[in-house]
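In case it helps, this note's numbering puts the sequence shown at residues 669 to 1012. Please read the structure below before turning to the comments.
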Amino acid sequence: MSISKIIYDGVRVKIEVDEARGIITEILNNCGCELERAELIADHLVDSNLCGVESHGAMRILQYVDQFRSGYMKPESGPCVSREDEIFLIIDGQAGHGIPAMDLAYKSAAKVARTKHICVTSIINVGHTGRHGSFADHCAEDGFLSILIGGGNREVWRQVAPYGGCEPKLPTNPYCIGFPGDERGPLVLDFATSMIAGGWIYAAQNAGGYLPENCIIDRNGMASVTPADYFDGGSILPAAGQKGYGLALAAELISEALIGPVQTEGNWLLLMINTSAMTPLDGLRKRASVIFDDIISCKPAPGFEKVEIPGQRERRFRHGAGGIIDLPENTWNEIVALRNSLVI
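Have a look at this one:
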């Protein structure tokens, strides 16, 4: 089961988490990733499937291997802290995979913010950075407010049409906010500034499925639900029209004009705040709980069972997964075939 944004009626298969992690780790390791980084990436991908976020899950390994082979990412490279100046950090991914770099960024920023109350971090020279909500969730559990903004490299990642346009100009430029909550967990807001994240289009193409309406247009600006139309010069539409476009453009300016020219996939700005520097954490959690209670007491609209707090669905999916993920059969077969082709 997944929080799916693709339309797919084909066969899905169930896979034990340990099997999926093992196969993905083996693929990454055989491509040149150091074992510890390979395990971190594999855990992250499989956890995305457990949370129902298939677009950032196991299917991504197919894309990653293509990027290793093309030289877009260097499998052997790992991230480092290239600058530490009071409350400012720079994490350099050194053209390697972005998930280890983002993991290092969140952990390093939280360490600084724990003693200095706030940390501003830029993450540069990285490949795909995974499902950001995973990192934000852990930091929010520890009492940190985090805000992540990413973008840049639109020359390579022309995916989204600006509001009023019909050709791709911008990447999907994500934002992620994590905020401490109560016993139900933090608020985790993790979204692309487009109607649909690029990963869902790859997932639909890979599975032989379709996309929801009003998400993409073809190269002539006509509405489509077919992934092939997007890959043939089409565009993703901005989320909420001019609002998503404005957020995407702001992210592009922050990532490229402020942080600097992009290498590899994109640049990122991470703001980490130690909330206990502003208010006792216990009191914050109690007030957050009151707000949550008020919001979820709302009468559900037709077609909905209930109102939820952002991040709750993912936690609910993980809790109910029972250590099993499911994928389109042809996607899983491709992953297994890839592993077999890389066996040394």
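Beta carbons: idealized from backbone N, C-alpha and C, even for Gly.
Check	Outcome
Under 8 Å by Cβ, that's how I've got M727 and Y878 pegged, so tell me the actual separation to the nearest angstrom.	Actually they do not touch by this definition, with Cβ atoms about 16 Å apart.
By alpha-carbon positions, which one of N935, E851, D771, A919 ends up nearest to I977?	E851
Hey, could you find the ends of the beta strand (DSSP E) T789 is sitting in?	786–794
Check C699 in the structure and name its three-state DSSP category.	helix
Could you give the distance in angstroms between the alpha-carbon of R1030 and the alpha-carbon of I755?	Because residue 1030 is not part of the residues shown, which for the chain are 669 to 1012, the question remains open.
If you run the structure through DSSP and keep just helix, strand and coil, what is D835?	Sequence check: residue 835 is Glu here, not Asp. Coil at E835, not helix or strand.
Can you tell me which residues form a DSSP beta bridge with W936?	I791, G818
According to DSSP, is I1016 part of a helix, a strand, or is it coil?	Here the chain covers residues 669 to 1012 and nothing more, so residue 1016 does not appear.
Looking at the structure shown, is K954 part of a helix, part of a strand, or coil, going by DSSP?	helix
Roughly how many angstroms lie between the CA atoms of I904 and C883, to the nearest whole one?	6 Å
Using a C-beta cutoff of 8 Å, does L915 count as contacting chain C?	Protein chains in the displayed structure number just one, and chain C is not present.
How would you label P747, buried or exposed, when you count the other beta carbons within 10 angstroms and need 16 or more for buried?	buried
Please state the DSSP three-state secondary structure of I922.	helix
I need the boundaries of the alpha helix (DSSP H) containing V1054, first residue and last residue.	One cannot answer for residue 1054 here, as it falls past the ends of the chain, which runs 669 to 1012.
Quick check on DSSP: helix, strand or coil for R983?	helix
Using alpha carbons as the reference points, say which of E835, V958, I815 lies closest to V856.	I815
DSSP three-state label for K682, please.	strand
Could you check if I691 is buried or exposed, using at least 16 other CB atoms within 10 Å of its CB as the buried criterion?	buried
Taking the alpha helix (DSSP H) that I864 falls in, what are its first and last residues?	Premise fails: I864 is in no alpha helix (DSSP H) and is neither H nor E.
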